[in-house]
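**Q**
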Amino acid sequence: MASEKGVTLLDFWVSPFGQRARIALAEKGVHYEYKEQNLAEKSDLLLKSNPVYKKIPVLIHDGKPVCESLIIVQYIDEVWSDKSPLLPSDPYQKAQARFWADFVDKKVFDCGTRLWKLKGEEQEAAKKEMIEILQLLEAQLGDKKYFGGDTFGYVDVAFIPFNNWFYSYETLGNFSIEAVAPTLVEWVERCKERESVAKTIYDPKKVYEFVGYLQKKFGVA
Amino acid sequence: MQHRSHINFPQTLIHSQVKMAEGDLKLLGTWPSPFVLRIKMVLQQKGLSYEYLEQDLKNKGELLLKHNPIYKKIPILIHGDRSICESLVILQYIDENWSDIGPPLLPADPYERAMARFWAAYIDEKFVGSFWGILKAATEEAKAEKIADSFGVLQQLEGVFKKCSAGTGKGFFGGDTIGFIDVTLGSQLSWIKAVEKISGVKLLDKTKIPLLMEWEKRFLAIDFVKNTLPNVEKVVEYGRLLQATTWKVTPAK
């Protein structure tokens, strides 16, 4: 790839993984070009930048692509290290942050997908699991301002994009997140006060519409 | 079952190692797990003394459940009163907490670090999906698909190694010394060979992946690698047991 200077983000509006990158870039005050991708007809640039998985987000920095959202966030944190550190400097605190961000990765999206893709008993099981996941995260947050402690950090970036999907999870699963994890909801409100989150947030009702489109596409009654 | 593994800590380093005063190191694991083997390799590379505790996953002990309540899995590194879980998280912890001893596991450049993290995650995902997939396949078609996938993975890694070492003449993905990708891939070697023996497919073929096979020779020549990787026949036996009991696969032919 020609070494064009600058930062480009290949992304898709509703992706919580893409939003992680957008939030991290905003926290660091990095100017970048946002390129919305058509995932039904993947662009040459996307296929060239992420030949292994052909997925978004992809961060292209001075012509070099970085893939996988948490790897992108760590990259952003390490390159633009002079401002708003996302990972703590202590190795053990870092390990904790990586563990919990990975937990969000392994659990939230998959369980959420099962909530809209499945029906009946299987959907009920997914709902129970989602409640457990949210309560585990709430327990990890404890009485801290953010998952990172006093400062907004890596786990906060990893998890906050899923708040746009909470309305969908609640509606599909017929439960209230505030009822099962009230401290988490307070944390969401605190995060939304940050510019980086406020300006990258998108309408939960639009997400729900998108879920409806996915359900039709996958033939979910 | 407990196995004490004392690697003598070099005398010259003892006085400068304030960090070791923070507590003993214990590694909870099972002998065939590549996720555990890589931790052993890196601890030895750093010259860190640790106690290895073999776990019975059918009868999980208190220590395991206490230190990994979320997943109840191994490996777990216990450092004093700290618990660290997930192998790639553990590797980075060791690298960062003891950054002043031994060669670094991850490179200094952020882009190179991102690449190392990407390929390590890829290796782990593909190992479970493709290589073990060969052993788990219930039909010949499924098996053939997984075999094709596995060849694809090795070709991909051949390309990665070519890029990593291009023009540098360096022996490992990490350069002159083994790094993140080396231990992640290298810890899978006994299993890959066991899969070959059980399935009858030659995956590690120097006509197809010449650079990786040269890398493998260099990797296996390292003392702490030799001491750590389990005997392939033992892994074959274990793999066949998993097929019969956990995966309930009747191997064809």
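Respectively, the protein sequence lines represent chains R and G. If you use this note's numbering, the first sequence corresponds to residues 34 to 254, in order. If you use this note's numbering, the second sequence corresponds to residues 1003 to 1255, in order. C-beta: ideal position from N, C-alpha, C; glycine also. From a predicted model like this one, the values you see are computed outputs, not experimental measurements.
#1: So, helix, strand or coil for R:ARG227, using DSSP?
#2: Whether or not the stretch 1172-1181 of chain G and the stretch 1127-1135 of chain G are in contact is what I'm after, with contact meaning three or more pairs of Cβ atoms, one per stretch, closer than 8 Å; do they touch?
#3: To which residues of the same chain is G:PRO1105 closer than 6 Å at the C-beta, ignoring the five residues directly before and after it?
#4: By the DSSP assignment, the alpha helix (DSSP H) with R:ASP44 in it spans what residues?
#5: Please list the partners that R:PHE195 has in chain G, where partner means a Cβ-to-Cβ separation under 8 Å.
#6: Residues in the same chain with beta-carbon distance under 6 Å from R:LYS83, minus the five sequence neighbours each way, listed in chain order, please.
#7: In angstroms with no decimal places, state the Cα-to-Cα distance between R:SER229 and G:THR1248.
#8: Identify which residue in R:PRO194, R:ARG147, R:GLU157 and R:ILE193 has its Cα closest to the Cα of R:GLN248.
#9: Alpha helix (DSSP H) containing G:SER1152: first to last residue?
#10: Output, in sequence order along the chain, the residues in the stretch 84-112 of chain R whose CB is closer than 8 Å to any CB in chain G.
#11: Quick one: give me the first and last residue of the beta strand (DSSP E) that G:LYS1078 is part of.
#12: Hey, which unbroken runs of the alpha helix (DSSP H) at 4 residues or more fall wholly within the stretch 1021-1048 of chain G?
#13: Quick one: what's got a C-beta closer than 8 Å to G:ALA1023's C-beta in the same chain, skipping five residues either side?
#14: Would you list the one or two residues that DSSP bridges to G:CYS1087?
#15: List the residues of chain R whose Cβ lies closer than 9 Å to the Cβ of G:GLN1094, in chain order.
#16: Against chain A, does G:PHE1129 count as a neighbour if the rule is that its beta carbon must be under 7 Å from one of theirs?
#17: To the nearest angstrom, how far is the alpha carbon of G:GLY1241 from that of G:LYS1228?
#18: Using 8 Å as the threshold, is the stretch 127-139 of chain R in touch with the stretch 179-193 of chain R, meaning 3 or more CB pairs across them?
#19: Helix, strand or coil for R:ASP176? Go by DSSP, reduced to three states.
**A** A quick look at the data gives this:
#1: Residue 227 of chain R sits at position 194 when you count from the first residue of the first sequence. Three-state DSSP puts R:ARG227 in coil, outside helix and strand.
#2: no
#3: Within the second sequence, numbered from 1, the residue matching residue 1105 of chain G stands at position 103. Excluding sequence neighbours, G:PRO1105 sits near THR1179.
#4: Sequence index remark: in the first sequence, residue 44 of chain R carries index 11 (1-based). Looking at the DSSP string, R:ASP44 is not in any alpha helix (DSSP H); the run it does join, the beta strand (DSSP E), is 40-44.
#5: Residue mapping note: residue 195 of chain R aligns to position 162 of the first sequence, counting from 1. Ordered by position in chain G, no residue passes the 8 Å Cβ test against R:PHE195, which lies about 18 Å from the chain.
#6: Residue numbering aside, residue 83 of chain R sits at position 50 when the first sequence is read from its first letter. With the sequence shown as reference, residue 83 of chain R is identified as Asn, and Lys is not the correct amino acid for it. Excluding sequence neighbours, R:ASN83 sits near VAL91 and CYS100.
#7: Position 196 of the first sequence, counting from 1, holds the residue named residue 229 of chain R. Position 246 of the second sequence, counting from 1, holds the residue named residue 1248 of chain G. Roughly 47 Å between the two C-alpha positions.
#8: The sequence position of residue 248 of chain R within the first sequence is 215, counting from 1. When each option's Cα is compared against that of R:GLN248, the closest is R:ARG147.
#9: Position 150 of the second sequence holds residue 1152 of chain G. Run containing G:SER1152: 1142-1167, per the alpha helix (DSSP H) assignment.
#10: VAL85, HIS94, LYS97, VAL99, CYS100, GLU101, ILE104, ILE105, GLN107, TYR108, GLU111 and VAL112
#11: Stepping through the second sequence from its first residue, residue 1078 of chain G is reached at position 76. Per the sequence presented here, residue 1078 of chain G reads as Ile, with Lys not at that position. From DSSP, the beta strand (DSSP E) with G:ILE1078 extends over 1078-1081.
#12: 1036-1047
#13: Here the question's residue 1023 of chain G lines up with position 21 in the second sequence. Interpretation of G:ALA1023 is limited by its pLDDT of 40, a score under 50 that renders its predicted location unreliable; the figure taken from the coordinates is listed afterwards. Result list for G:ALA1023: empty, nothing under 8 Å.
#14: Mapped onto the second sequence, residue 1087 of chain G falls at position 85. The partner list for G:CYS1087 (beta bridge, DSSP) reads G:ILE1078.
#15: The residue you call residue 1094 of chain G lines up with position 92 of the second sequence. Near G:GLN1094 (Cβ distances below 9 Å), the residues of chain R are PRO124, LYS127, ALA128 and ARG131.
#16: In the structure shown, chain A cannot be found, because the protein chains are R and G.
#17: Here residue 1241 of chain G is taken as the residue at index 239 of the second sequence, counted from 1. Here residue 1228 of chain G is taken as the residue at index 226 of the second sequence, counted from 1. Their backbone Cα atoms lie some 21 Å apart in a straight line.
#18: yes
#19: Mapped onto the first sequence, residue 176 of chain R falls at position 143. Residue state, collapsed to three classes: coil.
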